[in-house]
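Enquirer:
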Amino acid sequence: MESVLAVVIGGLYAAGMYLMVRRSIVKMIFGLALLGNAANLLIFTVGRLTRGRPPHIPPDGVVPDLPLADPVPQALILTAIVIGFGVQAFALVLIKRVYQTVGSDDQDQMTLENQERGGES
Amino acid sequence: MKNLLFLPLLIPLTTAVLGLLAWNRIKLQRLIGVCGTAALVCVGSVLLAEVIDGTILSVQAGNWAAPFGITLVADMLSALMVLATGITGLAVTVYSLADADHHQEALGYHPLLQVLLLGICGSFLTGDLFNLYVWFETMLIASFVLLTLGGRREQMEGAIKYVALNLTASAFFLAGIGLLYGVTGTLNLAHLALQLREVSHTGTLPIIAALLFAAFGIKAAVFPFYFWLPASYHTAPAAVTTIFSALLSKVGIYVLLRVFTLIFFQETISAQPLILAAAGLTMLAGSLGAIAQPELRRMLSFCVISQIGYLLMGLGIMTPLALAGSIFFILHIIAAKSALFLTTGIIFRITGSTETSRLGGMYHQRPFLAALFMIPALSVAGIPPLSGFWGKLALVKSGLAEEHYLTVAAALAVSFLTLFYMLRAWSEVFWKARPAGDSTVHHALVPLRRRQMFGPVVALALVSLVMGLAAEPFFQLSLTAAEQLLNPGDYIDAVLGKQP
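Here the protein sequences line up with chains U and B, keeping their order. Quick note: the first sequence uses our numbering, first residue 1, plus one each step. Quick note: the second sequence uses our numbering, first residue 122, plus one each step.
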């Protein structure tokens with residue numbers, strides 16, 4: 001299972017990086033979302049995959065039976081997902097505003113100031 | 122007394138909430154903002170007074186014993202940074218009273234500023250790596266909105282770059298956190314330090330260190346990760362640019378100092394040539410960029426980068442004197458840079474421009490403003506007896522003692538370059554004759570507005586002056602902070618209890 005997830009994570013990172021370097025800001029946001037998901041899956045995988053062993057304390061015990069699935073990485077991921085959701089929502093609104101003000105989704109068109117400066121000097 | 126550590130978080134949070142409740146009443150929001158940041162300055166001073174004898178305060182949120190709960194820690198470095206945050210926050214809030222435009226204030230400018238301060242204070246006080254990530258995101262979200270507030274085209278263009286690079290850094294940071302947890306099973310900084318102190322760092326640990334260095338390096342604008350900063354900082358209103366350049370990039374440096382002395386000490390030593398090279402190149406790239414800029418705020422943005430190089434240099438050399446030099450330099454640069462950016466804001470308010478080609482001859486009308494620009498400008502360049510000189514002296518001295526001649530040469534050369542472009546900017550704006558055919562009318566400032574704008578700048582310039590003329594006590598504090606960083610035993614004991 002780890003090796004499958006490792007390939008998936010690698011694929012997500014590769015796709016995310018590729019999208020990030022595209023000129024379209026829409027693709028850039030998709031790339032950011034993929035990078036975030038790749039990082040979340042990475043936390044999940046390196047936190048050890050333990051199947052069918054929830055960290056429960058048996059009724060007659062005081063400590064949970066080992067081995068157990070570590071709940072901490074899942075809590076981390078949950079937090080990261082929520083934060084990522086908020087940030088991506090902002091990023092979507094931002095690219096919409098950028099598209100409205102610039103009239104293009106091409107990052108090469110977003111060099112207004114450099115053009116002005118080039119004209120002056 | 123331990124609960125004092127929650128106050129630097131609770132105060133900005135409460136202030137932001139109260140400000141949001143007073144959504145339609147801008148005047149009340151302003152009052153709340155000023156009171157909140159003033160309270161933050163007071164709490165910062167009390168916190169510093171508590172740790173001034175070298176004690177390290179720590180508190181476990183909800184009484185969950187470390188390393189299981191969220192830990193807040195204040196040593197000398199944290200306390201100094203919180204106080205500096207409070208002072209800069211107060212200065213910027215007061216300045217905003219005169220300079221923020223009503224459109225932005227109506228969109229929640231004042232509460233957002235408080236959320237930004239909350240994220241910054243949280244980053245300085247937390248003792249947990251994942252909690253640090255959360256504070257980073259708090260800070261980032263607030264800074265995204267502050268940067269885009271107003272929605273002008275250049276702001277949008279700057280924001281795209283800022284958002285993209287900072288979110289990439291966050292993704293790297295998150296990946297580093299995950300890998301570190303996979304290796305060690307803990308994210309509490311003190312617990313990590315304890316676990317990784319004795320073992321030799323092999324396998325994935327140096328890779329994690331590199332990931333985290335890249336993540337924090339992007340936030341701090343270290344070479345070669347700095348390109349987003351000069352593309353975005355100068356597009357925001359003057360007050361926002363001030364707080365970004367004074368505090369946001371310093372959070373990156375603070376975290377580098379914290380994490381790479383506490384957890385990745387071995388990597389810092391083995392990667393010393395790389396860190397020093399990054400430091401030297403950051404200085405050079407920043408100052409060469411600044412020389413090429415005819416516009417004041419862009420020039421100052423590049424100058425921010427070149428100063429980051431000095432801060433990194435202390436981490437690279439890694440002796441008590443060098444780290445103390447870095448810490449002293451952080452405090453100096455926060456004051457001097459804020460004063461410069463705010464002065465530029467005043468120049469823009471009076472003349473309507475920050476292009477040096479359109480400015481000139483202001484010395485005759487406004488000699489006081491000219492002096493006000495000159496003090497922090499010379500201080501950043503490192504002219505004795507101003508504060509920048511002492512920080513650079515400590516860094517250069519420790520660099521020579523450790524025989525890092527190339528970095529020292531870069532540091533000295535960059536000082537000359539800084540002096541050159543600062544004086545050029547000063548003479549362009551104040552000394553040269555007004556450009557022919559310039560028909561722009563200089564606006565006079567009404568007395569209240571003048572006090573609100575000049576007050577914070579004078580205060581910050583005075584801080585820089587006092588730090589230079591009476592450097593000894595400030596340097597003692599920095600030295601204590603540096604020794605705490607290099608002897609993490611006290612930090613670990615403060616968080617986890619006495620170790621056997």
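A virtual CB, placed ideally from N, CA and C, is assigned to each residue, including glycine.
Answer yes or no: does any C-beta atom of chain B fall closer than 8 Å to that of VAL98 of chain U?
Expert: For the purposes of this step, residue 98 of chain U is taken as the residue at position 98 of the first sequence. Yes, VAL98 of chain U counts as interfacial toward chain B.
Enquirer: Taking a cut of 7 Å between CB atoms, which residues from the segment 273-284 of chain B lie near chain U?
Expert: ARG274, GLU275, MET277, GLU278, ALA280, ILE281 and VAL284
Enquirer: With contact counted as at least three CB pairs below 8 Å, one residue from each stretch, are the segment 581-590 of chain B and the segment 488-504 of chain B in contact?
Expert: yes
Enquirer: With distances taken between CB atoms, is the gap from PHE423 of chain B to PRO345 of chain B smaller than 8 Å?
Expert: For the purposes of this step, residue 423 of chain B is taken as the residue at position 302 of the second sequence. For the purposes of this step, residue 345 of chain B is taken as the residue at position 224 of the second sequence. No. Outside cutoff.
Enquirer: Looking only at its chain, what residues have a beta carbon closer than 7 Å to the beta carbon of VAL215 of chain B, apart from the 5 residues adjacent to it on each side?
Expert: Counting from 1 along the second sequence, the entry for residue 215 of chain B is found at position 94. Cβ within range, chain order: VAL155, GLN573, GLY576 and PRO577.
Enquirer: May I have the straight-line CA-CA distance separating PRO505 of chain B from PHE450 of chain B, to the nearest angstrom?
Expert: Position 384 of the second sequence, counted from the start, is the residue given in the question as residue 505 of chain B. Position 329 of the second sequence, counted from the start, is the residue given in the question as residue 450 of chain B. Rounded to whole angstroms, PRO505 of chain B to PHE450 of chain B spans 14 Å at the Cα level.
Enquirer: Would you kindly work out how many angstroms separate the C-alpha atoms of THR323 of chain B and ASN145 of chain B, rounded to a whole number?
Expert: Sequence index remark: in the second sequence, residue 323 of chain B carries index 202 (1-based). Sequence index remark: in the second sequence, residue 145 of chain B carries index 24 (1-based). So the two alpha carbons sit approximately 57 Å from each other.
Enquirer: Is the separation between the beta-carbon of ALA400 of chain B and that of GLY430 of chain B shorter than 8 Å?
Expert: Working through the second sequence from its first residue, we reach residue 400 of chain B at position 279. Working through the second sequence from its first residue, we reach residue 430 of chain B at position 309. Yes; because the gap between Cβ atoms is below 8 Å, this pair is in contact.
Enquirer: Spell out the partners DSSP gives THR192 of chain B in its beta bridges.
Expert: As a working mapping, residue 192 of chain B is identified with position 71 in the second sequence. Paired residues: B:GLN181.
Enquirer: Can you pull the chain U neighbours of VAL255 of chain B, defined as C-beta to C-beta under 8 Å?
Expert: Within the second sequence, the letter at position 134 stands for residue 255 of chain B. The answer, in chain order, is THR79 and ILE83.
Enquirer: Report the residue from U:ALA33, U:VAL46 and U:PHE30 whose alpha carbon sits nearest the alpha carbon of GLU2 of chain U.
Expert: Position 2 of the first sequence, counted from the first residue, corresponds to residue 2 of chain U. The option with the nearest alpha carbon to GLU2 of chain U is U:VAL46.
Enquirer: Measure from the alpha carbon of ILE29 of chain U to the alpha carbon of each residue in U:ALA80, U:VAL72 and U:ASP105, then state which is nearest.
Expert: Counted from its first residue, the first sequence places residue 29 of chain U at position 29. The residue with the shortest Cα to Cα distance from ILE29 of chain U is U:ASP105.
Enquirer: Would you say GLU258 of chain B reaches chain U, if we count a Cβ-Cβ gap shorter than 8 Å as a contact?
Expert: For the purposes of this step, residue 258 of chain B is identified with residue 137 of the second sequence, where counting begins at 1. GLU258 of chain B belongs to the set of residues whose beta carbon lies under 8 Å from a beta carbon in chain U.
Enquirer: Strictly under 8 Å for the Cβ-Cβ distance: is ALA39 of chain U near chain B by that measure?
Expert: What you label residue 39 of chain U is simply residue 39 of the first sequence in a count that begins at 1. ALA39 of chain U counts as touching chain B.
Enquirer: Taking 8 Å as the threshold (beta carbon to beta carbon), is PRO73 of chain U in contact with chain B?
Expert: Locating residue 73 of chain U in the first sequence gives position 73, counting from the first residue. By this cut-off, PRO73 of chain U is an interface position.
Enquirer: Less than 8 Å between the CB atoms is what I'm expecting for MET202 of chain B and PHE265 of chain B, so what's the real figure, rounded?
Expert: Within the second sequence, the letter at position 81 stands for residue 202 of chain B. Within the second sequence, the letter at position 144 stands for residue 265 of chain B. That belief does not hold up - the Cβ atoms of MET202 of chain B and PHE265 of chain B are roughly 22 Å apart, past 8 Å.
Enquirer: Using beta carbons (cut-off 8 Å, strictly below), is VAL62 of chain U in contact with chain B?
Expert: In the first sequence, residue 62 of chain U corresponds to position 62, counting from 1. By this cut-off, VAL62 of chain U is not an interface position.
Enquirer: Which of the three DSSP states is assigned to SER24 of chain U in this structure?
Expert: Taking the first residue of the first sequence as 1, we reach residue 24 of chain U at position 24. Strand.
Enquirer: Would PRO67 of chain U and ARG53 of chain U qualify as a contact pair, given that the criterion is a beta-carbon distance under 8 Å?
Expert: Indexing the first sequence from 1 puts residue 67 of chain U at position 67. Indexing the first sequence from 1 puts residue 53 of chain U at position 53. Yes. Within cutoff.
Enquirer: For a minimum of 4 consecutive residues, which ranges assigned as the alpha helix (DSSP H) are wholly contained in the segment 29-82 of chain U?
Expert: Counting only runs that start and end inside the segment 29-82 of chain U, there is no alpha helix (DSSP H) element of at least 4 residues.
Enquirer: When we look at the beta-carbon of ASN37 of chain U and count the other beta-carbons within 10 Å, is it buried (16 or more) or exposed?
Expert: For the purposes of this step, residue 37 of chain U is taken as residue 37 along the first sequence, with counting starting at 1. It counts as buried.
Enquirer: Check for me: the alpha helix (DSSP H) holding ARG418 of chain B runs from which residue to which?
Expert: Against the second sequence, residue 418 of chain B aligns to sequence position 297. From DSSP, the alpha helix (DSSP H) with ARG418 of chain B extends over 417-438.
Enquirer: Could you give the residue range of the alpha helix (DSSP H) that holds MET1 of chain U?
Expert: Here residue 1 of chain U refers to the residue found at position 1 of the first sequence. Looking at the DSSP string, MET1 of chain U is not in any alpha helix (DSSP H), and its letter there is neither H nor E.
Enquirer: Could you tell me whether any Cβ in chain B is nearer than 8 Å to the Cβ of GLY36 of chain U?
Expert: Translated into the one-based positions of the first sequence, residue 36 of chain U becomes position 36. True, the Cβ-Cβ gap to chain B drops below 8 Å.
Enquirer: Where does the unbroken alpha helix (DSSP H) through THR135 of chain B begin, and where does it stop?
Expert: Looking up residue 135 of chain B in the second sequence gives position 14. Per DSSP, THR135 of chain B belongs to the alpha helix (DSSP H) from 128-142.
Enquirer: Can you check whether the C-beta of ALA292 of chain B is within less than 8 Å of a C-beta belonging to chain U?
Expert: In the second sequence, counting from the first residue as 1, residue 292 of chain B sits at position 171. Yes, its Cβ sits closer than 8 Å to a Cβ of chain U.
Enquirer: Would you kindly check if the distance between the Cβ of ALA457 of chain B and the Cβ of SER408 of chain B is under 8 Å?
Expert: Counting from one through the second sequence, the residue named residue 408 of chain B turns up at place 287. Counting from one through the second sequence, the residue named residue 457 of chain B turns up at place 336. Cβ atoms of SER408 of chain B and ALA457 of chain B: not closer than 8 Å.
Enquirer: Would you call the CB atoms of LEU378 of chain B and LEU310 of chain B closer than 8 Å?
Expert: Residue mapping note: residue 378 of chain B aligns to position 257 of the second sequence, counting from 1. Residue mapping note: residue 310 of chain B aligns to position 189 of the second sequence, counting from 1. Result no, Cβ atoms of LEU378 of chain B and LEU310 of chain B do not sit closer than 8 Å.
Enquirer: Relative to the C-alpha of GLN109 of chain U, which candidate in B:PRO232, B:LEU267 and B:LYS282 has its C-alpha closest?
Expert: Numbered from its first residue, the first sequence carries residue 109 of chain U at position 109. Ranking the options by Cα distance to GLN109 of chain U, first place goes to B:LYS282.
Enquirer: Counting only the same chain and skipping the five closest in sequence on each side, list residues whose C-beta sits under 7 Å from that of ALA442 of chain B.
Expert: On the second sequence, position 321 is the one that residue 442 of chain B refers to. Checking the sequence shown, residue 442 of chain B turns out to be Leu, not Ala. Same-chain partners within the cutoff: ALA515, LYS518 and SER519.
Enquirer: So, under 8 Å CB-CB, VAL213 of chain B and THR363 of chain B are touching, yes? Tell me the CB distance rounded to an integer number of Å.
Expert: Walking along the second sequence from the start, residue 213 of chain B turns up at place 92. Walking along the second sequence from the start, residue 363 of chain B turns up at place 242. Indeed they touch by this definition, with Cβ atoms about 5 Å apart.
Enquirer: Roughly how many whole angstroms lie between the Cα atoms of ASP222 of chain B and TYR230 of chain B?
Expert: The count along the second sequence starts at 1 and reaches residue 222 of chain B at position 101. The count along the second sequence starts at 1 and reaches residue 230 of chain B at position 109. Computed Cα separation, rounded: 9 Å.
Enquirer: Looking at the unbroken alpha helix (DSSP H) that takes in SER199 of chain B, where does it start and where does it end?
Expert: Against the second sequence, residue 199 of chain B aligns to sequence position 78. 197-220 is the extent of the alpha helix (DSSP H) around SER199 of chain B.
Enquirer: Per DSSP, what kind of secondary structure is GLU388 of chain B in: helix, strand or coil?
Expert: The sequence position of residue 388 of chain B within the second sequence is 267, counting from 1. In this structure, GLU388 of chain B counts as helix in the three-state DSSP scheme.
Enquirer: Report the option in B:ALA292, B:SER447 and B:ASP220 whose CA atom is closest to the CA atom of PHE596 of chain B.
Expert: Here residue 596 of chain B corresponds to residue number 475 of the second sequence, with the count starting at 1. With distances taken between Cα atoms, PHE596 of chain B lies closest to B:SER447.
Enquirer: Secondary structure at GLU319 of chain B, three-state DSSP: helix, strand or coil?
Expert: Position 198 of the second sequence holds residue 319 of chain B. In the structure shown, GLU319 of chain B sits in a helix (DSSP, three-state: H, G or I).
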